[in-house]
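Heads up: the sequence shown runs through residues 1 to 168, numbered per UniProt numbering. Glycine is no exception: its CB is placed at the ideal position from the N, C-alpha and C atoms. No experiment lies behind these values; they were computed from the predicted model shown. Written out below as structure tokens is the structure these notes cover.
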Amino acid sequence: MLFLIVRSQKGKNVYFLAFLLICYFAGFFAELAGVQTGLIFGNYAYGATLGYKIAGTPLMIGVNWILVIYSVGMVVDRMGINNAVAAAALGAVLVTILDVIIEPVAVRFDYWSWHGNEIPLQNYMGWLVLAFFLLLSFFKLPFKKGNPAGVVLFVVQFAFFVILLTAN
Numbered sequence: 001m002l003f004l005i006v007r008s009q010k011g012k013n014v015y016f017l018a019f020l021l022i023c024y025f026a027g028f029f030a031e032l033a034g035v036q037t038g039l040i041f042g043n044y045a046y047g048a049t050l051g052y053k054i055a056g057t058p059l060m061i062g063v064n065w066i067l068v069i070y071s072v073g074m075v076v077d078r079m080g081i082n083n084a085v086a087a088a089a090l091g092a093v094l095v096t097i098l099d100v101i102i103e104p105v106a107v108r109f110d111y112w113s114w115h116g117n118e119i120p121l122q123n124y125m126g127w128l129v130l131a132f133f134l135l136l137s138f139f140k141l142p143f144k145k146g147n148p149a150g151v152v153l154f155v156v157q158f159a160f161f162v163i164l165l166t167a168n
């Protein structure tokens with residue numbers, strides 16, 4: 001999916017690369033800090049599904065943050081909101097709604113597990129805040145927006161997790 005995003009992105013420039021790196025490293029290090037301290041998202045641990053880990057945090061999780069933020073950014077961009085802060089705020093809410101759907105599926109398929117088997121409100125607040133700042137970088141950095149592949153990616157992610165959520 002990341003290859004599709006990069007391949008389909010028109011007008012690639014240093015700002016697009018900066019956005020990808022910001023998302024990857026901010027997402028990865030927030031998750032690393034979260035796993036190690038429980039302070040950002042609550043107390044959780046990653047399972048085997050997402051692959052190789054450093055200090056209990058899968059390297060793939062940064063890619064997941066790129067895919068979620070980029071796809072939601074492209075959806076919100078199509079809404080024509082001209083204020084980056086407002087667009088980032090709306091996008092952060094959409095990202096958090098997506099996480100509400102992802103969480104039970106992720107637990108079921110051993111992406112991660114929660115201490116006490118309960119998803120804390122702190123997790124959703126952590127997603128909301130991190131998504132806001134990552135989306136702010138999306139809207140502020142001067143790279144070409146409007147990639148329809150990003151919108152398709154959002155629809156596919158949303159449908160994928162809804163189907164898995166509702167499947168027995």
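Starting from residue i, follow the alpha helix (DSSP H) in both directions and report where the run begins and ends.
| i | result |
| --- | --- |
| A86 | A84 to R108 |
| Y124 | L121 to K140 |
| G116 | Segment: none, G116 is in no alpha helix (DSSP H) and carries neither H nor E. |
| G150 | P148 to T166 |
| F143 | Here F143 belongs to no alpha helix (DSSP H), and DSSP marks it neither H nor E. |
Measuring only the C-alpha atoms, how far is residue i from residue j?
| i | j | result |
| --- | --- | --- |
| V155 | L50 | 21 Å |
| V35 | V107 | 15 Å |
| A149 | M1 | 10 Å |
| L136 | W112 | 27 Å |
| F16 | P104 | 32 Å |
| L153 | S71 | 6 Å |
| D77 | V93 | 14 Å |
| F3 | V63 | 11 Å |
| L90 | V75 | 10 Å |
| F29 | A55 | 11 Å |
| Y24 | G73 | 15 Å |
Can you give me the Cβ contacts of residue i inside the same chain, cut-off strictly under 7 Å, excluding the 5 residues immediately before and after it?
| i | result |
| --- | --- |
| L20 | I66 |
| P58 | Y46, L50, G51 and Y52 |
| S8 | N147 and A149 |
| Q122 | F41 and G42 |
Going along the chain, which residues of its own chain have a beta-carbon closer than 8 Å to the beta-carbon of residue i, five neighbours each way excluded?
| i | result |
| --- | --- |
| Y124 | T96, D99 and V100 |
| F158 | L98 and I101 |
| V162 | I101 |
Identify, in the order they occur along the chain, each residue of the same chain with its Cβ nearer than 6 Å to the Cβ of residue i, setting aside the five sequence neighbours on each side.
| i | result |
| --- | --- |
| K144 | K10 and G11 |
| P120 | G42 |
| M60 | L50 and G51 |
| H115 | N43 |
| L128 | A92 and T96 |
Quick check on residue i: does DSSP put it in helix, strand or coil?
| i | result |
| --- | --- |
| R78 | coil |
| G73 | helix |
TODO: Would you mind listing the beta strand (DSSP E) stretches within the region 22 to 63 that are 3+ residues and don't spill past its ends, in chain order?
DONE: With a minimum length of 3 residues, the continuous beta strand (DSSP E) runs that stay inside the region 22 to 63 are 44 to 46.
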